[in-house]
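Structure first, then comments.
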Amino acid sequence: MHLVRFPTRHLFALVAACAVFFAGCATDDQVRTIVRDSNYQMLLATAPGAELGAVSADGKTNASAADTSAQINAFLEANKSDPVMAAALRFRQTLLYLNEHAFALADAAFKQVDATSLRSPRDKAIYAAYPDLRWWSEYALAAPATFYSGEKAAAIQHLSSLAQQAGGLAALPDLRDYFLEMRAWIGLKLGLASFDLNFSVNTLEDAVNVWTATFTPAELDELVSADFKSAKPFDLSTRRVIRARVLLTTLASQTAGAPNAKLTFSQDAVNKFYASLAH
Amino acid sequence: MILPGTASLVLSGVQELIKLGTRIDNLMAQRTAVQSNLVLGMPSLRLGNVLAQVATVEQALAATAGQQPDPFGADRAALQQEVANPDQNFDTLFAKYFPDQTSALVISPDAAYLAQLQQAFPGLDWTDPGVRIAAVALAAGNDPTQISYTARVALAVADTLLEFGAENTALFVRDAKLQAVVQSVLQRFAQTDWAGFEQWNPLLQAALKVTLNAALDVADKLPDQNPWLDGVFDALAQARAAAPNPDDYLLGLMQGKGVPLLLSKGLLVASAKLDDASASSFKLVAADVLAAAAPFIQQQTNPDLAQFFRDHWGDLLRAGLTSLDKHGATLLDPKQPLLDSVLTALVQQLSTTPNAGFLSSDTLYQLADTAIGAVAANPAELNGLVNKPWLASFLAAVATSAQQLTVKKLFTPEAATALLQDAIGVVAKYPNLIVSGNGLPVTLVSSIFGAFAQLPPAQFSRLDATTIGETTLRAALDAIAANPSLVSTQFGPVVTAVATQLANDVGQGQFTADQAAAVASAAIDAIARNPQIYAGAQNGIASAVISAVQKAFPANSAWAARLLVETAQQTLLAVARNGGPTVANQPAAQLQQLLTIVISAGLTTAANQLGTSTDLDGIPPILGGLVSQALTGGLTVFDPGSPQFTAAFQAIAALPVQK
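For the record, the sequence lines run as chains A and B. With the numbering used here, letter number 216 in the first sequence gets 216, and the count goes up by one each step, no holes. With the numbering used here, letter number 245 in the second sequence gets 245, and the count goes up by one each step, no holes.
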């Protein structure tokens with residue numbers, strides 16, 4: 001008899017066998033579903049209105065964020081014995097709530113995360129930066145003058161904190177970039193919300209400079225040329241170049257004709273690209 | 001490679017993991033929870049350039065100063081205060097008087113990024129959530145301090161074992177022999193290079209998977225020690241070390257189509273037949289085969305050839321293994337390294353053999369096995385083997401035949417392989433045929449189906465081709481297998497001509513495909529009975545006989561369907577038995593004319609004699625008898641109304657039928 005070969009990481013037979021063999025055991029499939037659905041819900045939030053296909057091959061799922069969160073609760077209730085898995089999933093739930101702007105629920109979930117049981121470097125770093133993420137999620141949509149008058153000090157503190165968090169993430173370049181980009185957007189909002197010209201200019205320049213200082217020469221070239229013919233769509237370089245272009249284009253459109261339009265950045269390529277934009 | 005001690009530690013870890021039955025799935029779930037990608041959106045934000053807004057308000061205040069009614073009414077003072085030192089009230093007032101500009105930009109960095117990414121890469125399916133997730137997800141990252149090297153390798157092994165299901169996983173825990181197999185893989189394909197774990201782990205898992213699949217097939221017969229397996233793996237590890245891109249190269253080799261069969265056969269056969277010394281010699285053979293194939297696999301200019309050797313190196317070694325079973329370990333004699341020489345020569349020859357890509361795994365295996373057998377029977381051929389024309393011709397004939405059978409899609413791949421293997425099987429029985437350059441059984445495949453390919457396609461269906469071709473070929477192969485001396489006659493061309501003629505006749509509606517196939521078999525039987533007549537000096541005798549029978553039956557004859565095939569058989573036999581002098585003295589056309597006259601007369605007489613001296617089934621043997629008498633001069637009057645002819649008919653009808 002020749003054995004049936006299973007596709008890598010598809011443990012259907014095991015799951016079936018487990019039902020008989022190891023009654024009551026947690027299943028990898030359940031966790032995969034949670035991961036898949038939570039990623040999908042967070043993806044929906046990143047691109048509202050985008051036409052997205054079904055997340056599962058059978059087209060059945062696409063639970064709501066609330067469903068996914070309930071799924072996590074039920075799963076963790078039934079599987080209390082593994083603190084590592086619980087911490088990872090509870091933290092995922094925290095971020096899911098945060099993404100939904102359900103701050104009270106996010107904070108409650110965050111409190112349940114056992115930080116000592118977090119294993120992945122990514123989760124540990126995001127956990128450490130949770131106050132920054134939490135604050136920005138709450139105030140990112142605030143009106144500008146309100147933000148400046150009420151959150152200036154907090155914003156300055158979070159700019160500093162995120163720069164510090166990013167500094168220790170050489171081994172996690174995508175997360176480092178995420179923190180630095182978030183910092184850049186905070187700086188953009190803060191700088192544009194200020195009626196103090198010097199503060200505005202300095203804050204805007206710093207926001208861009210700290211992030212783009214991590215760009216390689218090739219990335220800076222690509223920032224200007226926007227030539228992605230030889231680029232790979234899912235490379236971090238492609239991601240950060242396009243995201244930086246989005247940020248600088250937004251900045252230029254906001255400063256167009258305003259006193260704080262004259263900005264000088266530390267990278268020539270950034271200056272060149274910014275100068276090419278109408279402002 | 002890792003040390004045996006480390007491998008043992010890993011295995012012990014795996015066993016512990018697996019023994020903790022209830023923990024296994026938790027471990028997998030934990031890993032998924034911890035290591036899966038995370039989509040973390042960048043929050044949308046509201047922007048507004050307050051400096052620009054203040055300037056706008058100042059300009060408006062100045063432009064409307066003293067205006068009555070004041071467009072800012074009671075708020076003018078508050079606005080003047082706000083432009084000097086804006087606070088949260090500024091947003092409210094600005095929104096009240098400049099509603100068009102207040103919808104300050106709300107931007108979603110992720111949506112803007114995805115839109116631009118989509119523009120830059122329009123070829124991707126951006127409605128696929130998987131594609132978008134890949135564009136925004138954050139990796140979990142590696143933290144080597146979290147889990148030891150040994151535990152991580154153990155998890156990788158456990159992960160692979162779990163894919164085989166709980167039953168086999170439990171078997172692994174109990175069976176020390178299976179553990180030895182895993183240990184062998186671990187020692188060769190796991191590395192001590194911790195930093196490169198992500199690179200070499202897929203290779204380790206692929207190697208484990210294919211080996212365990214093979215081992216589990218023969219688990220109950222596995223030996224305690226498996227020096228042969230170690231030898232093959234050592235050769236692979238050696239090939240990996242020599243490759244410019246080691247892990248990718250080896251992964252390609254392990255994923256070759258022939259590898260599972262090589263391992264399952266190897267585990268079963270080699271351990272029983274090969275001692276340590278022989279296994280060690282086999283390792284050298286494997287290493288030489290891989291080294292010979294390496295330049296073709298690694299070169300970029302011919303990816304088909306590279307894939308061919310990736311797929312088939314295992315088939316070549318499997319053939320080597322089988323040949324050891326047949327011919328004994330003397331093939332590994334270092335003084336006369338027959339197996340090594342044949343296999344490396346095959347690699348070289350296959351690299352230049354046209355149509356080699358059409359060879360299936362099983363065909364290539366049999367081909368190699370036959371070539372080894374041929375050299376084993378003729379050891380003198382070892383000298384300069386790689387340049388021997390017979391080897392090149394043999395490979396070319398098989399490859400061309402495979403191409404003929406495959407390209408026209410006359411047969412399913414399995415049926416084509418079976419047909420070709422039958423042909424090679426006949427050659428394998430007589431290895432001297434190949435060495436003498438007489439690979440007729442194999443060339444027959446390509447000559448018959450090649451001739452069919454020349455026929456007008458509209459007249460000839462695929463089904464007809466397969467029916468006639470396969471029947472003819474199998475009958476011819478049986479004939480050669482029974483009498484290999486046929487290869488030195490015109491047997492091949494005659495068979496091809498008969499098959500082509502019959503195929504053509506089917507196309508013109510003169511035979512059904514089944515009738516044609518039966519006549520072809522009868523013709524080959526007759527040729528085999530008397531190759532001197534049918535495959536001798538004079539061409540076209542068999543074709544002439546078949547044509548004569550056809551012509552003798554009136555168009556739309558009611559008897560044709562019932563009597564045609566058997567009449568052809570009887571006539572072919574009559575010529576085989578009695579046609580010597582006639583064939584020697586007359587051209588085929590005259591023979592055909594004579595036979596047509598005799599059979600026509602016989603059929604006319606039969607119509608009158610039916611129910612008197614014969615029944616329908618009795619007619620073909622009587623016609624065969626009349627032909628025999630005509631050929632031997634015993635019958636010279638062919639008028640069906642004459643008393644002599646009728647008497648001859650009745651006399652033959654009274655005789656017992658000759659088989």
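The beta-carbon is built from N, C-alpha and C at its ideal position, and this holds for glycine as well.
Check: If the cut-off is 9 Å on Cβ atoms, which residues from the stretch 43-58 of chain B count as contacting chain A, listed in chain order?; Outcome: Pro43, Ser44, Leu45, Arg46, Leu47, Gly48, Asn49, Val50, Leu51, Ala52, Gln53, Val54 and Ala55
Check: Return yes when the Cβ of A/Leu141 is within less than 8 Å of the Cβ of B/Ser108, no when it is not.; Outcome: no
Check: Which of the three DSSP states is assigned to B/Thr472 in this structure?; Outcome: helix
Check: Along chain B, which residues have their Cβ under 7 Å away from the Cβ of A/Tyr40?; Outcome: Pro129
Check: Please classify B/Gly437: is it buried, with 16 or more other beta-carbons within 10 angstroms of its beta-carbon, or exposed?; Outcome: exposed
Check: Using only the heavy atoms of the ligand ADP, determine whether one of them is closer than 7 Å to the beta carbon of B/Thr612.; Outcome: Of the ligands one can find in the structure shown there are none, so the ligand ADP has no counterpart to examine.
Check: According to a CB-to-CB cut-off of less than 9 Å, which residues of the stretch 114-130 of chain A neighbour chain B?; Outcome: Leu118, Arg119, Ser120, Pro121, Arg122, Asp123, Lys124, Ala125 and Ile126
Check: Counting only beta-carbon separations shorter than 8 Å, does A/Glu222 have a partner in chain D?; Outcome: Absent from the structure: chain D. Protein chains present are A and B.
Check: Residues in the stretch 181-204 of chain A with C-beta within 8 Å of chain B's C-beta atoms, listed in sequence order?; Outcome: Glu181, Met182, Trp185, Leu188, Lys189, Leu192, Ala193, Ser194, Phe195, Leu197 and Ser200
Check: With DSSP collapsed to three states, give me the class of B/Ile597.; Outcome: helix
Check: How many angstroms separate the CA atom of A/Asn202 from the CA atom of A/Tyr178?; Outcome: 22 Å
Check: Contact criterion: CB-CB distance below 8 Å. Does A/Ala26 meet it with respect to chain B?; Outcome: Any answer about A/Ala26 is weak, because its pLDDT of 49 lies below 50 and its placement is not dependable; what the coordinates show is given next. Chain B, which has a Cβ nearer than 8 Å to the Cβ of A/Ala26, makes this yes.
Check: So, at 7 Å on beta carbons, what are the nonlocal neighbours of B/Asp230 in its own chain, with the 5 sequence-adjacent residues on each side left out?; Outcome: Ser184
Check: Which residue marks the beginning of the alpha helix (DSSP H) containing A/Met85, and which one marks its end?; Outcome: Pro83 to Asn99
Check: Spatial neighbours of A/Glu205 within its chain, please: C-beta separation below 7 Å, excluding the five flanking residues on both sides.; Outcome: Leu263, Thr264 and Phe265
Check: So B/Ile424 and B/Gln366 are supposed to be a Cβ contact under 8 Å. How far apart are they, rounded?; Outcome: 5 Å
Check: Please classify B/Ser628 as buried or exposed, where buried requires at least 16 neighbouring CB atoms within 10 angstroms.; Outcome: buried
Check: Spatial neighbours of B/Arg462 within its chain, please: CB distance less than 7 Å, with the 5 preceding and 5 following residues excluded, ordered by chain position.; Outcome: Leu410
Check: Work out the CA separation of A/Thr238 and A/Ala154 for me, nearest whole Å.; Outcome: 32 Å
Check: Just verifying my parser: in three-state terms, what is the DSSP assignment at A/Thr216?; Outcome: coil
Check: In whole angstroms, give me the CA-to-CA distance for B/Ala237 and B/Ala517.; Outcome: 53 Å
Check: Taking only the alpha-carbon atoms, compute the straight-line gap between A/Asn39 and A/Arg119 and give it to the nearest angstrom.; Outcome: 19 Å
Check: Where does A/Phe103 land, buried or exposed, given buried means 16+ other C-beta within 10 angstroms?; Outcome: exposed
Check: Compare the C-beta of B/Pro109 against all C-beta atoms of chain A and say whether one is closer than 8 Å.; Outcome: yes
Check: Just the chain A side, please: which residues come within less than 8 Å of B/Met254 by C-beta, in chain order?; Outcome: None at all; the shortest Cβ gap to chain A is about 14 Å.
Check: Output the residue ranges of the alpha helix (DSSP H) runs that lie fully inside the stretch 149-213 of chain B and measure 4 residues or longer, sorted by chain position.; Outcome: 149-162, 166-174 and 176-189
Check: What are the residues that DSSP puts in a beta bridge with B/Ala137?; Outcome: B/Val39
Check: Between A/Tyr148 and chain B, is the shortest Cβ-Cβ distance under 8 Å, so that the two count as touching?; Outcome: yes
Check: For the stretch 546-557 of chain B against the stretch 609-619 of chain B, do three or more pairs of beta-carbon atoms, one drawn from each stretch, fall closer than 8 Å, so that the two count as touching?; Outcome: no
Check: Could you pull the DSSP bridge partners for B/Arg46 from this structure?; Outcome: B/Val106
Check: Taking B/Asn355 as the reference, give the member of B/Ala396, B/Ala55, B/Gly579 and B/Leu79 with the closest Cα.; Outcome: B/Ala396
Check: Using C-beta distances below 6 Å, list every residue in its chain close to A/Ala26, excluding the 5 sequence neighbours before and after it, in chain order.; Outcome: In this prediction, A/Ala26 scores a pLDDT of 49, lower than 50, which makes its location untrustworthy; the coordinate-derived value is nonetheless stated afterwards. Hits under 6 Å: Asn79.
Check: In angstroms, rounded to a whole number, what distance separates the CA positions of A/Gln157 and B/Pro99?; Outcome: 32 Å
Check: Going by Cα to Cα distance, which pick from A/Met182, A/Ala244, A/Ala70 and A/Lys152 is closest to A/Tyr130?; Outcome: A/Met182
Check: Which residues, in order along the stretch 83-103 of chain B, keep a beta-carbon less than 7 Å from a beta-carbon of chain A?; Outcome: Pro86, Asp87, Gln88, Phe90 and Asp91
Check: Please work out which residues of its chain come closer than 7 Å, Cβ to Cβ, to B/Gly618, disregarding the five sequence neighbours upstream and downstream, and give them in chain order.; Outcome: Ala653
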